[in-house]
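Before any comments, here is the structure.
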Amino acid sequence: MADNDFPGWHGTTIIGVKKGGQVVIAGDGQVSMGNTVMKGTARKVRRLSPGGFDVVAGFAGSTADAFALLERLEAKLEATPGQLARASVELAKDWRTDKYLQKLEAMLIVSDGKDIFVITGAGDVLEPEHDVTAIGSGGNYALAAARALMDSEYSAEEVARRAMAIAADICVFTNGNLTVETIRG
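This is how it looks when you write it as structure tokens:
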């Protein structure tokens, strides 16, 4: 089988919700290859603590690539303690210009409880306009659901959980097995 015939890995939905003085990043556990669920309990949301500075990160894409990026992000955070925006921009610059990193296929949502960013291999560091962002196969479904729930009385965690449940009902590459991390600003 040629590389371009190999069915792609799918099955990630990650959402970040900033509301009520806290940020919640939640991710489902499904990893699919083609039309087959390979694993339903993957953990795609992690807490990083470089130098005692807490950051929560969720990733979509290749797991090995995402771990390489998370290690680089930790190094950037150690070099710029307490400056998530600066560390994120430095990671995005490296990702865009380094020949090795350019081949990495993943996206990240990161937060320190005050700010929330999406970091991409295109060199983007995006801050969501409406305090909600999502990536991955079911990201658009989760994003739409969360945006609709943001004006409700629900907490950030409840918005994230309800949005992920809606995405799991719609997207065949998303399941309801969640990892949820909360961080306060």
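Quick note: the sequence shown uses the UniProt record's numbering, first residue 1, plus one each step. Positions of the beta carbon are idealized from the N, C-alpha and C atoms, including for glycine. Since we're looking at a predicted model, the values are computed, not measured.
- Here residue 19 is buried. Its C-beta has 16 or more other C-beta atoms within 10 Å.
- Judged by beta-carbon spacing, residue 138 lies within the 9 Å limit of residue 174, meaning their Cβ atoms are closer than that value.
- Of the residues assessed, residue 97 falls on the exposed side of the cut-off, its CB having fewer than 16 other CB atoms within 10 angstroms.
- If you keep only unbroken beta strand (DSSP E) runs of at least 3 residues inside the stretch 149 to 174, you get nothing at all.
- Comparing alpha-carbon positions, the option among 110, 133, 169 lying closest to residue 147 turns out to be 133.
- Non-local C-beta neighbours of residue 86 in its own chain, meaning closer than 6 Å and more than five positions away in sequence, comprise 80, ordered along the chain.
- Of the residues assessed, residue 30 falls on the buried side of the cut-off, its CB having 16 or more other CB atoms within 10 angstroms.
- Between the alpha carbons of residue 184 and residue 21 lies a gap of roughly 6 Å.
- Of the residues assessed, residue 105 falls on the exposed side of the cut-off, its CB having fewer than 16 other CB atoms within 10 angstroms.
- In summary, residue 64 is exposed, with fewer than 16 beta-carbon neighbours lying within 10 Å of its beta-carbon over all protein chains present.
- Rounded to the nearest whole angstrom, the CA to CA distance from residue 48 to residue 35 is 32 Å.
- The DSSP assignment places 63 to 79, 84 to 97, 99 to 102 as complete runs of the alpha helix (DSSP H) inside the stretch 55 to 128, in order along the chain (cut-off: 4 residues).
- Closest in alpha carbon position to residue 179, among 59, 52, 50, 82, is 59.
- When DSSP states are grouped into helix, strand and coil, residue 43 belongs to the coil group.
- Across the structure, residue 142 and residue 13 are spaced so that their CA atoms are roughly 8 Å apart.
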